[in-house]
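Chemist:
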Amino acid sequence: MNEFLKIPFKETNEGIFLFLKVIAKAKSKKIEIENHYFKIKVREPREKGKANEALISFLSDFFEHPKSFFLLQSGEKQPKKRMLIKGLSKEKFLKIIKEKLFLG
């Protein structure tokens, strides 16, 4: 099956929901798709919201979208999270994913 079809997101009227699994205190920043989640590695620890701030900053850079449009919907203190990206179209989202994760 085509890996591109297994992208863990949901389109809504508000924007795009991402289903995330965040690894804090990683050696490097990285994003990949694994078992129905975006697996995202950040360097910052899971203390005082530092990993969540790093996550939003990383996703903002990755999707070329303002930080203020990223809203953590669930999992604030858990590795598995749900993030809303407001104002991002499905077309732009898929284009970025395809270019950065599947084409290299």
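1272 is the number of the first residue of the sequence shown in our numbering; add one for each residue after it. Glycine included, C-beta positions come from ideal geometry on N, C-alpha and C.
How about Ile1304 and Lys1348: are their beta carbons less than 8 Å apart?
Modeler: Start at 1 with the first residue of the sequence shown, and residue 1304 comes out as number 33. Start at 1 with the first residue of the sequence shown, and residue 1348 comes out as number 77. No, these two residues do not count as a Cβ contact at 8 Å.
Chemist: DSSP puts Val1293 in a beta bridge; with which residues?
Modeler: Here residue 1293 refers to the residue found at position 22 when the sequence shown is read from its first residue. BP columns for Val1293 point to Ile1311.
Chemist: Going by beta carbon distance, what residues of the same chain come within less than 8 Å of Phe1333, once the five residues before and after it are set aside?
Modeler: Residue numbering aside, residue 1333 sits at position 62 when the sequence shown is read from its first letter. Same-chain partners within the cutoff: Ile1302, Ile1367, Lys1371.
Chemist: What separation, rounded to the nearest whole angstrom, lies between the Cα atoms of Ile1356 and Lys1296?
Modeler: As a first step, residue 1356 is located in the sequence shown; it is residue number 85 there, counting from the start. As a first step, residue 1296 is located in the sequence shown; it is residue number 25 there, counting from the start. Approximately 24 Å between the Cα atoms of the pair.
Chemist: From the DSSP output, in three-state form, read off Lys1361 for me.
Modeler: Stepping through the sequence shown from its first residue, residue 1361 is reached at position 90. DSSP places Lys1361 in helix when its eight states are reduced to three.
Chemist: Using DSSP's beta-bridge definition, name the partner residues of Phe1355.
Modeler: By 1-based counting over the sequence shown, the position of residue 1355 is 84. Note that residue 1355 corresponds to Leu in the displayed sequence, not to Phe. Leu1355 pairs with Phe1288, Leu1342.
Chemist: Could you give the distance in angstroms between the alpha-carbon of Ser1360 and the alpha-carbon of Glu1282?
Modeler: Translated into positions along the sequence shown, residue 1360 becomes position 89. Translated into positions along the sequence shown, residue 1282 becomes position 11. Rounded to whole angstroms, Ser1360 to Glu1282 spans 8 Å at the Cα level.
Chemist: Excluding sequence positions up to five away, which residues of its chain have a Cβ less than 8 Å from the Cβ of Glu1324?
Modeler: On the sequence shown, position 53 is the one that residue 1324 refers to. Answer for Glu1324: Glu1315, listed in chain order.
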